[in-house]
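These notes are about the structure you will find just below.
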Amino acid sequence: MKQVSDTKMLTPRAIWSRTYRPETNPRNWSQTCCLFFTKLPFSYALLLLYTLSMASNGGSGGNYKVFKMSSSSSLKIQRGDITKWSIDGTSDAIWPGGGAIHRAAGSELRDACYTVEVVRPGVRCPKGEARLTPAFRLLVSHVIHIVGPIYDIENTLRNAYRNCLKLAKENNIEYIAFPAISCGVYGYPYDEAATIAISVVMESDGDFKEVHFVLFEDDVFDTWLEKANILL
-17 MKQVSDTKML
-7 TPRAIWSRTY
3 RPETNPRNWS
13 QTCCLFFTKL
23 PFSYALLLLY
33 TLSMASNGGS
43 GGNYKVFKMS
53 SSSSLKIQRG
63 DITKWSIDGT
73 SDAIWPGGGA
83 IHRAAGSELR
93 DACYTVEVVR
103 PGVRCPKGEA
113 RLTPAFRLLV
123 SHVIHIVGPI
133 YDIENTLRNA
143 YRNCLKLAKE
153 NNIEYIAFPA
163 ISCGVYGYPY
173 DEAATIAISV
183 VMESDGDFKE
193 VHFVLFEDDV
203 FDTWLEKANI
213 LL
């Protein structure tokens, strides 16, 4: 942990990035932050606590934009951590988005995945299809599982979004959040992935109160925002 003298010139977000580690034990993380806060000047601690409070609901703070898709439905693109996103905890769902979600949800989520029916040897959720489980330790009510396609090998990203939204509607989900599916190791170019994602969400035509894209990286967030400004 840095000494207080090293933090005086840091912004609250910079300190947050140094202290927040979602993959660590939450109890140990809380103890670390409590010790850290006690070493800060009171006024600065209040400012930092405000910044950390903005991490709820995806950690967007002021870094988001809302687009109206219909009189009853909106699209929100925000910069944040999808493991912290929720709306009401009863009718909201997220796509798992890799290991961070599983760590936050706990081992129960992995166990639930193994209860999904096998459709062919070794496959429970074919690429482009979707499956639903409880969210366990996450703030949302459900997790919708899809297997993202690999760029230039499988052309199923559009179907993945469509089937995810279809399953959510069938289960009375009113709020849903996505990361940038397949834009990591699966190699989808941000520009192309954003066009597909936003175009498919626009097809939902009022099926959901809110659809969110919760995007962790600045360049991904900027690309999604640019595409939404063009398409909406």
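The sequence shown runs -17 to 214 under our numbering.
We put the beta carbon where it would ideally sit given N, CA and C, even for glycine.
Looking at the backbone, the Cα of Asp204 and that of Arg102 are separated by about 39 Å. Inside the region 78 to 119, DSSP marks whole beta strand (DSSP E) runs of 3 or more residues at positions 112 to 116, from first to last along the chain. Phe118 and Gly88 have their C-alpha atoms roughly 7 Å apart. Judged by DSSP secondary structure, Ser52 falls within the beta strand (DSSP E) whose first and last residues are Tyr46 to Ser52. Under DSSP, Val193 shares a beta bridge with Leu57 and Ile158. Around the CB of Tyr170, 16 or more other CB atoms lie within 10 Å, so the residue is classed as buried. Here Asp173 carries a helix assignment [DSSP, helix/strand/coil]. Of the other Cβ atoms in all chains shown, 16 or more fall within 10 Å of the Cβ of Lys209; this residue is therefore buried.
If you check the CB distance, Ala150 and Ile163 do not come in under 9 Å. Burial check for Gly81: the Cβ neighbour count within 10 Å stays below 16, so the residue is exposed.
If you check the CB distance, Leu57 and Glu174 do not come in under 9 Å. For the pair Gly110 and Val129, the Cα-to-Cα distance works out to about 6 Å.
By the C-beta density criterion, Ile135 is exposed, having fewer than 16 other C-beta atoms within 10 angstroms.
The straight-line gap separating the alpha-carbon atoms of Ala94 and Ala159 is approximately 20 Å.
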